[in-house]
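Trainee:
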């Protein structure tokens, strides 16, 4: 006998989790499509060199790649994708002449990373991406933000906040501090502000760093320079760190925080910061014109996003009260999305909803409806009733769009109803031999716990639809 | 620069193919859910031993498995799933106590087989599966057939025919011929009847077989016995083969062919055949009671399905006039679905739609709508118009469920309209500075090729919805 477990870091989704998951992806697809995005599909398997090209992924992600080989193939040629952005870059480089730009695509699919398994962290997870390729202007940035806003809102996610920043603003600040070469290290530390707090970030930025043994680059903070040193300078002086932290902490709010002069007059005068602020203002205003709730779109000037490849706006999304889950939707703009694969310059802006994290949050928040059925009606039948009767009644309901499951065997009706209650069916039809003779059925309302007797078959659809409207929203 | 090609046997789906594909899977999900099936998800990666357990897949499929390894892992532990049935068997063995039986699940997902690349044959393809676990009775068989019937019909597939058989009927015939130990070889040859024709099948069944060198078992016909022989007996005598072929050829039609005595009186009297015929009749009648068109459900007593693990009904589906594409949906019943993983007996019946084959057929039949957009409306805007105006108009349309794309930059309006015509948008809104001042817009009907001028903004939704109804079905 073979053990039916799944491999470490992977998991099965039973109906109670797969149903709400599918409901979310259906809502997301609808929102994306109504905004003019179109789907593409790329293989789960890519050529390894596509995934490991310089800048395609962080060193950490590259260490987590799953290699794929088949019997005839050589190892080291194929691998599983670790995100949907590198495949998009490859796709657009290959197909730009036929699909054209502007190109607005969405993609929802599994990606794979061999991370150390941990609670809530899986080696296969689903990303829901939107991207606009081939456009430099701010309206594309706003559409990416709107797609996330509209998708989360339509899905009924609890109050969330999309936090925006622009890379040029922190660039400007660092230049006024004379520390622009420290930017990557500053971004990496700032990225952890919400997780580890102000004091630890300052400690990280101002302390002497010791390079961890056997590792080319410390993940935590500044790379040493020259690279053979094992101890290196602090990233920033205490004065510089204080200004960075002041900037990050005061730079949170609505459009009013874009009045940078009130936060850091020197940075406010820097040309890069001025340009970044102007762009950010345009994007927020456009997103609001496109229907975004002002309280769901905010500015966070300390928002860093660890990834070095963003070149314009960056965004993260938190569900209010559930910030410890981290960002449920993130993204930003790249000047040159497909530079690994083509010499044609293709700017891009996009964002990605992390479906698994979002669902884990909803589950913990208790807002996930975990019914075990989609069909609201269960048709039960007595022994001695021909199967054609319950199946025929169910077919009539299905034909008018009402989900109707037929219990597949005429066991004791109490057991059939028990199945319905457990799965979460709202209504149970009952057909016994007497009912068949009289061409009627009985109806048990499993949500409201009452029963109607002897309803004629010709009132099937109207009765069920009426009852479903009554029990809509009732606990099942 | 890295070559943006995909690996051999894999492919990208541009929007013109991904859009109809998504439309189909959405229709399938809806049909399956309305019939009381619920989704589950299992990982793309399974433990290798789960996939290679005895009987999990044919030898051919096992040779095609893609191995998966990550940096920390040992090779030989993980692999990509090659179908959705083995993962279902593993899932139900693991989770039966929590999900319970009867268990009706659907799953739509990618599977992977390292087949030799050829036209229309891919190493990653999508299966759309329904299965009912834990039920022996005929109503479950009928529900599996109905799910395929209703899904293909709802998706608007051209006239198709689901062909049914029952394994016991051929068993009975072979026993009356005294050749029951030849059944696997007979099934393998019969399976090719439509492809290679009567004469070749007879030749295969009656000729002396030579075992291909270096291969444990010939794919083509009878395994030699004892296994070290390289030449072996014919599978059947010419008389036996003639009776098998007569049976297969006359056994095609509607319920009338279940009057077996007219085809082969001796087989008709065999208890196995009698039982098989009775079950098949019940299933066809139940499917019809459940709304199946009689002309779309047929009987084919020669239908073999090469797979040895079916134990009851088997089914295949052809699109009429496109039989050369082979079966687009197949399945059957197993007595013991999860026997590899649990000692608990769990019978199962299911079927799977091959999405890629179906789409390839529709594409070749010219019935695939390959529009490059889902949103019917494109909002175009002149330089000098604030982006907030087109985005605001689009937001109003999106809010009432009308897909509206905003061209992301105010380039020449003719170019924006060219983009709309090329993608297949039906309507193009035009907003210039004069229109903004007057709070109106112009509307170009790209399908009907006319233009309406100066429509007030407050008539936006009603005008667009009216026009979309008019142009519904018009060529874009």
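Residue numbers (this note's numbering), protein chains in the order written: chain A, 1 to 476; chain B, 477 to 952. Heads up, the beta-carbon is just placed ideally off N, CA and C, and yes, glycines get one too. Bear in mind the structure is a predicted one, so any value in this text is a computation, not a measurement.
1. Figure out for me which residue from B:718, B:864, B:767, B:663 has the closest Cα to the Cα of residue 675 (chain B).
2. Anything in the segment 83 to 101 of chain A with a Cβ closer than 9 Å to a Cβ of chain B? List those residues in chain order, please.
3. Near residue 460 (chain A), which residues of its chain fall below 8 Å by C-beta distance, leaving aside the five closest residues on each side in sequence?
4. Could you tell me which residues DSSP puts in a beta bridge with residue 642 (chain B)?
5. Whose CA, out of B:771, B:898, B:945, B:493, lies closest to the CA of residue 854 (chain B)?
6. List the DSSP bridge partners of residue 805 (chain B).
7. Let's see if you can read the secondary structure: which residues bound the beta strand (DSSP E) around residue 456 (chain A)?
8. Taking 8 Å as the threshold (beta carbon to beta carbon), is residue 486 (chain B) in contact with chain A?
9. In angstroms, rounded to a whole number, what distance separates the CA positions of residue 648 (chain B) and residue 737 (chain B)?
10. For chain B, find out if any of its Cβ atoms is closer than 8 Å to the Cβ of residue 417 (chain A); answer yes or no.
11. Check whether the segment 512 to 526 of chain B touches the segment 555 to 562 of chain B, counting contact only when three or more Cβ pairs, one atom from each stretch, lie closer than 8 Å.
12. Hey, residue 348 (chain A) and residue 298 (chain A) are a contact pair by Cβ (cut 8 Å); roughly how many whole angstroms apart?
13. Any beta-carbon of chain B closer than 8 Å to the one on residue 341 (chain A)?
14. Between residue 67 (chain A) and chain B, is there a C-beta pair that is closer than 8 Å?
15. At the level of alpha carbons, what is the spacing between residue 346 (chain A) and residue 336 (chain A)?
16. At 4 residues or longer, and completely inside the segment 541 to 616 of chain B: list those alpha helix (DSSP H) runs for me, N to C.
17. Between which two residues does the alpha helix (DSSP H) containing residue 910 (chain B) stretch?
18. Just tell me which of A:125, A:151, A:124 has its CA closest to the CA of residue 106 (chain A).
19. Counting only Cβ-Cβ distances shorter than 7 Å, please list the residues of the segment 304 to 322 of chain A near chain B, keeping chain order.
20. Within 10 Å of its beta-carbon, does residue 249 (chain A) have 16 or more other beta-carbons around it, so buried, or fewer, so exposed?
21. May I ask you to report which of helix, strand or coil DSSP gives residue 865 (chain B)?
22. Could you tell me the boundaries of the alpha helix (DSSP H) in which residue 205 (chain A) lies?
23. In terms of residues, what are the limits of the alpha helix (DSSP H) holding residue 495 (chain B)?
24. Shortest alpha-carbon distance to residue 613 (chain B) belongs to which of B:893, B:758, B:666, B:489?
25. How about residue 114 (chain A) and residue 86 (chain A): are their beta carbons less than 8 Å apart?
26. Mind pulling the chain B residues with CB within less than 8 Å of residue 64 (chain A)?
27. Could you pull out every residue in the same chain whose Cβ sits closer than 6 Å to the Cβ of residue 722 (chain B), ignoring the five residues on either side in sequence?
28. Verify whether the separation of the beta carbon atoms of residue 847 (chain B) and residue 903 (chain B) is less than 8 Å.
29. Return the CA-CA distance between residue 956 (chain B) and residue 804 (chain B), expressed in angstroms with no decimal places.
30. Quick one: does residue 298 (chain A) have its CB under 8 Å from some CB of chain B?
31. At the level of alpha carbons, what is the spacing between residue 289 (chain A) and residue 278 (chain A)?
32. Would residue 939 (chain B) count as contacting chain A if we go by Cβ distances under 8 Å?
33. Tell me the residue span of the beta strand (DSSP E) that contains residue 854 (chain B).
34. Let me know the secondary structure DSSP gives residue 430 (chain A) once reduced to three states.
35. For chain A, is any of its Cβ atoms less than 8 Å away from the one on residue 867 (chain B)?
36. Are any of the Cβ atoms in chain A nearer than 8 Å to that of residue 831 (chain B)?
Mentor: Straight from the coordinates:
1. With distances taken between Cα atoms, residue 675 (chain B) lies closest to B:718.
2. The segment 83 to 101 of chain A vs chain B, Cβ under 9 Å: 87, 89, 90, 91, 92, 93, 94, 95, 98, 99, 100.
3. Cβ neighbours of residue 460 (chain A) within its own chain (closer than 8 Å, five residues either side excluded): 393, 396, 397, 441.
4. Residue 642 (chain B) is bridged by DSSP to B:789.
5. Measuring from the Cα of residue 854 (chain B), the nearest candidate turns out to be B:898.
6. Under DSSP, the beta-bridge partners assigned to residue 805 (chain B) are B:829.
7. Its beta strand (DSSP E) spans residues 450 to 456.
8. Using a Cβ-Cβ cut-off of 8 Å, residue 486 (chain B) counts as an interface residue toward chain A, since at least one Cβ of chain A sits closer than that to its own.
9. Separation of residue 648 (chain B) and residue 737 (chain B) (C-alpha to C-alpha, rounded to the nearest whole angstrom) is 13 Å.
10. Cβ-Cβ to chain B under 8 Å: no for residue 417 (chain A).
11. Cβ pair count under 8 Å is three or more, so yes.
12. Beta-carbon to beta-carbon, residue 348 (chain A) and residue 298 (chain A) are separated by about 23 Å, too far to satisfy the 8 Å threshold.
13. Yes, residue 341 (chain A) lies at the interface with chain B (some Cβ there is under 8 Å from its Cβ).
14. Yes, residue 67 (chain A) lies at the interface with chain B (some Cβ there is under 8 Å from its Cβ).
15. Near 5 Å, if we compare the C-alpha coordinates of residue 336 (chain A) and residue 346 (chain A).
16. You should have 561 to 575.
17. Taken as a continuous stretch (DSSP letters only), the alpha helix (DSSP H) holding residue 910 (chain B) covers 909 to 914.
18. Ranking the options by Cα distance to residue 106 (chain A), first place goes to A:151.
19. Those residues of the segment 304 to 322 of chain A that come within reach of chain B (Cβ to Cβ, closer than 7 Å) do not exist; the list is empty.
20. Exposed: under 16 other Cβ atoms inside 10 Å.
21. DSSP places residue 865 (chain B) in helix when its eight states are reduced to three.
22. First-last of the alpha helix (DSSP H) with residue 205 (chain A): 193 to 206.
23. Residue 495 (chain B) -> alpha helix (DSSP H) spans 491 to 510.
24. Of the candidates B:893, B:758, B:666, B:489, B:758 places its Cα closest to the Cα of residue 613 (chain B).
25. No.
26. Listed by position along chain B, the residues whose Cβ is nearer than 8 Å to that of residue 64 (chain A) are 546, 547.
27. For residue 722 (chain B), where only same-chain residues beyond five positions count, there are no Cβ hits under 6 Å.
28. No, the pair does not count as a contact, with Cβ atoms beyond the cut-off.
29. Beyond the ends of chain B as shown, which are 477 and 952, falls residue 956 (chain B); an answer cannot be given.
30. It does not: the Cβ of residue 298 (chain A) has no partner Cβ on chain B nearer than 8 Å.
31. Roughly 17 Å between the two C-alpha positions.
32. Against chain A, the CB of residue 939 (chain B) has no partner CB under 8 Å away; the residue lies outside that interface.
33. Segment 853 to 857, the beta strand (DSSP E) holding residue 854 (chain B).
34. Reduced to three states, the DSSP call for residue 430 (chain A) is strand.
35. Yes, residue 867 (chain B) counts as interfacial toward chain A.
36. No, because no Cβ of chain A sits closer than 8 Å to the Cβ of residue 831 (chain B).
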